[in-house]
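Under the numbering used here, the first residue of the sequence shown carries the number 134, and numbering increases by one thereafter. Notes follow the structure.
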Amino acid sequence: MVEEFEEEPRGEVRAMLVEAASRLLREQGARAVTTRGVAQAAGVQPPTIYRHFRDKDGLLDALAEHVMVEYVHAKPSPGTDDPLTELRAGWDQHIEFGLANPELYLLINTPGRKSPATAAGREVLHHRVHRLAEAGLLRVDEAHAAEIIHAAGSGTIVALLSQPPATRDLSLATAMFDAVTAAILTGRPAAAEPGVLPLAVAFATAVADLPGLSPAERTLMSEWLARAIAELQSRTFTTGSPQPAQGLIHE
Numbered sequence: 134m135v136e137e138f139e140e141e142p143r144g145e146v147r148a149m150l151v152e153a154a155s156r157l158l159r160e161q162g163a164r165a166v167t168t169r170g171v172a173q174a175a176g177v178q179p180p181t182i183y184r185h186f187r188d189k190d191g192l193l194d195a196l197a198e199h200v201m202v203e204y205v206h207a208k209p210s211p212g213t214d215d216p217l218t219e220l221r222a223g224w225d226q227h228i229e230f231g232l233a234n235p236e237l238y239l240l241i242n243t244p245g246r247k248s249p250a251t252a253a254g255r256e257v258l259h260h261r262v263h264r265l266a267e268a269g270l271l272r273v274d275e276a277h278a279a280e281i282i283h284a285a286g287s288g289t290i291v292a293l294l295s296q297p298p299a300t301r302d303l304s305l306a307t308a309m310f311d312a313v314t315a316a317i318l319t320g321r322p323a324a325a326e327p328g329v330l331p332l333a334v335a336f337a338t339a340v341a342d343l344p345g346l347s348p349a350e351r352t353l354m355s356e357w358l359a360r361a362i363a364e365l366q367s368r369t370f371t372t373g374s375p376q377p378a379q380g381l382i383h384e
């Protein structure tokens, strides 16, 4: 039986190993997902795993990608031109995935672990935040906004997983999303929002597309804007509201 499996095409054996790992995780939990356990469940010898994955972490990365792809295909995000609606849909999907796959979520989000699946999710988040910035809706810079959203989302999932499923308070996820958006969004396009910060954040997204500038000039302008945004943010979080921006660039 083992020899028969090992004679199968490489892609089929790899898929079989990932499916075996997925089944173990689902039925027995994260502790069961060992190289020996997966090999036994798949009907192969443990060395077979190392011929298809660099190590156990490689197997877990493939498992995470497999489960996430299945989940996304089962619950596709609604298409929308509104960046805030897109962000909310992504938030809901992230929370739902964590609650539906608690063992895997905690496994790939272990502190210090760098999972390709998690990195891919962060890229999607940065894209959604960039769309908010382009629309002039951010009151903080893109990187800071993405970190706030990621931290809040991860914390929400962990908090909900600590509650018994039967009495889990899902309104916590909605309350956290509302708190996050209140902290990072202007609530209206930058052109209508008083203060310099939203305009600076929106303008920073367009520097790369400005005509008539050399690469060096674009770099310099980006540096100026980054300094101005950082100063404006420090004033906002210190006082609770944006302060006048005179003298930010010309020191």
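For each residue, glycine too, the CB sits at the ideal point set by N, CA and C.
- Linking Arg184 to Ala250 through their CA atoms gives a straight-line distance of about 21 Å.
- Taking a cut-off of 8 Å for Cβ pairs, the stretch 169-184 and the stretch 220-233 do not touch, as fewer than three such pairs fall below it.
- Just so you know, the alpha carbons of Leu240 and Ala163 end up roughly 7 Å apart.
- Lys247: not part of any alpha helix (DSSP H); DSSP gives it neither H nor E.
- Boundaries for Leu270: no alpha helix (DSSP H) harbours it, and the DSSP string shows neither H nor E there.
- Scanning the stretch 167-195 from its first residue to its last, the whole alpha helix (DSSP H) runs of 4-plus residues come out as 168-175 and 179-185.
- In the structure shown, the three-state DSSP call for Leu305 is helix.
- Taking C-beta separations shorter than 7 Å and ignoring five residues to either side along the sequence, the partners of Ala172 in its chain run Gln178, Pro179, Thr181 and Ile182, following chain order.
- Beta-carbon to beta-carbon, Tyr238 and Ile290 are separated by about 6 Å, close enough to satisfy the 8 Å threshold.
- Remark: C-beta atoms of Val205 and Asn234 do not approach each other more closely than 8 Å.
- Non-local C-beta neighbours of Ala175 in its own chain, meaning closer than 6 Å and more than five positions away in sequence, comprise Met149, Leu150 and Ala153, ordered along the chain.
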